[in-house]
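Under this note's numbering, the first residue of the sequence shown is numbered 261, with each subsequent residue one higher. Each residue gets a CB set at the ideal place from its N, CA and C atoms; glycine is no exception.
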Amino acid sequence: MSTQIVGRAQRRLAKLRRGMKASLITPVLRSRAARSNRSLVDESNDVVICLTSYGDRLGTVHLTVESIGSGRTLPGRLILWTDPGVDIDELPSPLRRMQARGLEIRPSAARVGSHTKYFPYVMSEVAHMRPLVTADDDSIYPRYWLARLQQAGASHAGEIVCYRAHRVGITPEGVLKPYNSWQPARDTEASVLNFATGVSGVYYPADFLDELRLAGDKFLATSPKADDVWLHYCAVANGRVIRQLGRTPEKYPELRATQETALHRYNTGLSANDSQIADTYSPEVLSVLRSRASV
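As structure tokens, this is what we get:
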């Protein structure tokens, strides 16, 4: 049996297990969201968590928020960004109820797609003093999630830290391999070749947010549907490295109602990341990646 077939079978089994776990956890989170008055934030913590949601997913994102609020460590701020023009008073009641527990719900000033999870916040401060953690609106995060991210970020100052990364693939001739062929990161070493995937959460140091603010919205022309691509490009362009927390990537249970509309199905299923990478990565960034791949 080929390695490829074995790998595919292992991924399917892992997905099945995550689905079963989601089925068990979701009712608990739904009940907690309906009844709990426990604060979702801890103002003594300087970490900010941002995520975005839209359309029908606004009906389930409160479950993701509740999983974050059930963590051992709570963020100083927890912000849900929506598309421009969303009437907060018309949002589902479980979500509106969370405002009294510390959730901030803020419409973005501009329509920037998946970049909404970080871009409005980045642009909201002239000089950032607090690190940012991004989350996806369809994941159920474990209790240790923020605590470990924050601890790793503090231990590795200036680095971007994530739970799940791909290793940028480069041929011996120095050509980028197709995105779908990039392999999972298998160590905890920091490298520009580690491509963080936002689904499992990413920690960004405060000074990197200032670099993103200065970069502006150029992503609209190069990677409008691939925030991970733009964020990796900006990291490498600014001399930053990315570190995966464990030797193997972590992926968490997903809310079933959102799986079919997940952005990654557009980007990876249709190989759209390849065209956006080609449009985004400058010769200078490609040179850095090639030099590290040859070491």
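>> Closest to tyrosine 439 by C-alpha separation, out of Arg361, Ser535, Asp302, Leu469, would be which residue?
In response: Ser535
>> Among the candidates Trp405, Arg550, Ile420, Val421, whose CA atom is the shortest distance from the CA of glutamate 326?
In response: Trp405
>> Is it the case that the stretch 345-357 contacts the stretch 448-466, given that we only count it when at least three CB pairs across the two stretches are under 8 Å?
In response: no
> On the three-state DSSP scale, how would you describe proline 380?
Replying inline: helix
> Contact between the stretch 306-322 and the stretch 374-393: three or more CB pairs below 8 Å?
Replying inline: yes
> When you compare only the Cα positions, how much space is there between serine 551 and glycine 434?
Replying inline: 9 Å
> Where do the ends of the alpha helix (DSSP H) carrying tyrosine 439 lie?
Replying inline: Counting along the chain, tyrosine 439 falls outside any alpha helix (DSSP H), and DSSP gives it neither H nor E.
>> What residue range does the alpha helix (DSSP H) around leucine 560 cover?
In response: No answer is possible for residue 560: the residues shown for the chain start at 261 and end at 555.
> Out of curiosity, what's the CA-to-CA distance linking valine 382 and leucine 472?
Replying inline: 7 Å
> Which class does aspartate 539 belong to by DSSP, given the choice of helix, strand or coil?
Replying inline: helix
>> Between Ile348, Ala360, Arg317, Gly319, which has its C-alpha nearest asparagine 297's C-alpha?
In response: Ala360
> Taking the DSSP output, what are the residues bridged to isoleucine 420?
Replying inline: Ile502
> For methionine 358, is the classification buried or exposed, using 16 other Cβ atoms within 10 angstroms of its Cβ as the cut-off for buried?
Replying inline: buried
> Which stretch, first to last residue, makes up the beta strand (DSSP E) that contains leucine 392?
Replying inline: 392-394
> What is the DSSP secondary structure of tyrosine 463, reduced to helix, strand or coil?
Replying inline: strand
>> Tell me which residue opens and which closes the alpha helix (DSSP H) that leucine 318 is part of.
In response: Note, leucine 318: premise wrong, no alpha helix (DSSP H); not H, not E.
>> Just verifying my parser: in three-state terms, what is the DSSP assignment at isoleucine 285?
In response: helix
> What residue does the alpha helix (DSSP H) around arginine 356 start on, and which one ends it?
Replying inline: 353-357
> What is the C-beta distance between serine 330 and arginine 403, in whole angstroms, given that I count them as a contact (C-beta under 8 Å)?
Replying inline: 6 Å
> According to DSSP, is serine 492 helix, strand or coil?
Replying inline: The sequence given here places histidine at residue 492; serine does not occur at that position. The answer is helix: DSSP assigns histidine 492 an H, G or I state.
> Is it right to say valine 489 is buried, meaning 16 or more other beta carbons lie within 10 angstroms of its own, or is it exposed?
Replying inline: buried
> Which residues in the same chain as alanine 569 place their Cβ atom closer than 6 Å to its Cβ, once the five residues preceding and following it in sequence are excluded?
Replying inline: No statement about residue 569 is possible, as the shown extent of the chain runs from 261 to 555 and does not include it.
> Rounded to whole angstroms, how far is the Cβ of arginine 427 from the Cβ of alanine 445, which I believe are closer than 8 Å?
Replying inline: 5 Å
> Out of curiosity, what's the CA-to-CA distance linking leucine 392 and valine 301?
Replying inline: 14 Å
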